[in-house]
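Residue numbers (my numbering), protein chains in the order written: chain A, 1 to 267; chain X, 268 to 417.
Written as structure tokens, this is what we have:
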């Protein structure tokens, strides 16, 4: 942590970056995102188990981008998000400094994008262990049971779209749900519209989700909507052998194809 | 439910399956009249939301059909569609939506008889499954009732 603070201070003092995006402890002790623009503020930076948010979501926000060149405290999911954003041309690799954090909480020396790619490639890219258990349990249920499980869960959805706002991959300035000619997703919360929204979200993240679980964590009514995208992470890996966010040059799974993609249901 | 007539919506591509369905007609082959055909420029144009809207508007079954792989008028539209349907099918399965109600097929412009067969087998299967009650219930549930149940 001391390494992180001194590194952030050094970057800000040398004007190498204008803002450091990291975590600070909030008044109740909960970690919250911090945007540090002054070298003296770097002492507030923390990194421990409380720091769970995916900070990469701020890299595409105009309010943050307008501050200038950015440095970001990045654990594995954040690094993979950065890779995805670069590959989708939402971010220039040169415009950010990555303060990489290893699994054990140590500061990594991420000099450039190749170093980051090498680090990502030797990490475990499958879904986190805590989410694999509910995924397996759900897959064991019958289709009818799964239908009623999701009906019950999604009936709580209040259409606040926190899942979308928290997701670094959901950066569209005009989302399909804001389109009203035609109105694809009903504005009010009802079971059908809630389900359509979550199907739409999962489909738009298929092959792009990097398994950070931020959508489920941000849900104010506790819908495990991250399981939908994580299920597709598994499926995309099974069918196409691709994990998202592994290279700055990868193309999106659903906008490319292999002529020999295997399926067994098209007659 | 002997008087149940399934409503089936077919999303087809202009260049292969639509022409194939035309051939079925000009060849005077009879097939189930339950199907309502919607013509698209390409299978690559068929958004998954359109399928959901078909169910929401009362369809009991859906057919999605286009050119065989390598025969796409736009070279690669059907390959893109194939990837999308693989992912879509897995997501629908995970959410417990009955994938037996959706038929994905490749039917070329020369396969008039095959189009009749695809429609007939799909309609027969949907007839056996009955109306899509669980989806219709969800559509018709009034918002007030949901609020009361909170």
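Positions of the beta carbon are idealized from the N, C-alpha and C atoms, including for glycine.
Asked, Found
"Residue 39(A) beta carbon less than 8 Å from that of residue 7(A)", "no"
"DSSP state of residue 406(X) mapped onto helix, strand, coil", "helix"
"Environment of residue 296(X) [buried if 16+ CB atoms lie within 10 Å]", "exposed"
"Three-way DSSP call (helix, strand, coil) for residue 23(A) in this model", "strand"
"Residue 375(X) vs residue 340(X) beta-carbon contact at 8 Å", "no"
"Residue 222(A), buried or exposed, once every other Cβ within 10 Å from all chains shown has been counted against 16", "exposed"
"Backbone secondary structure at residue 370(X) - three-state DSSP", "strand"
"CB contact check: residue 146(A) to chain X, cutoff 8 Å", "yes"
"Rounded straight-line distance, which links the Cα of residue 293(X) to that of residue 252(A)", "42 Å"
"Proximity to residue 232(A) [Cα-Cα], best of 91(A), 132(A) and 109(A)", "132(A)"
"Proximity winner among 266(A), 239(A) and 20(A), relative to residue 42(A) (alpha-carbon distances)", "20(A)"
"Chain A within 8 Å of residue 336(X), Cβ atoms only", "yes"
"Minimum Cβ-Cβ distance from residue 284(X) to chain A less than 8 Å", "no"
"Identified DSSP bridge partners for residue 97(A)", "71(A)"
"7 Å Cβ cut-off: residues of chain A touching residue 215(X)", "Only positions 268 to 417 of chain X appear in this structure, which leaves residue 215(X) out of reach."
"Residue 395(X): contacting residues in chain A (beta-carbon distance under 7 Å)", "Correct list: empty, because the minimum Cβ distance to chain A is about 16 Å."
"Closer than 8 Å to chain A by CB, residue 349(X)", "yes"
"Check whether residue 331(X) and residue 369(X) have beta carbons under 8 Å apart", "yes"
"Segment contact, 8 Å Cβ cut-off, at least three pairs: the stretch 115-129 of chain A with the stretch 139-147 of chain A", "no"
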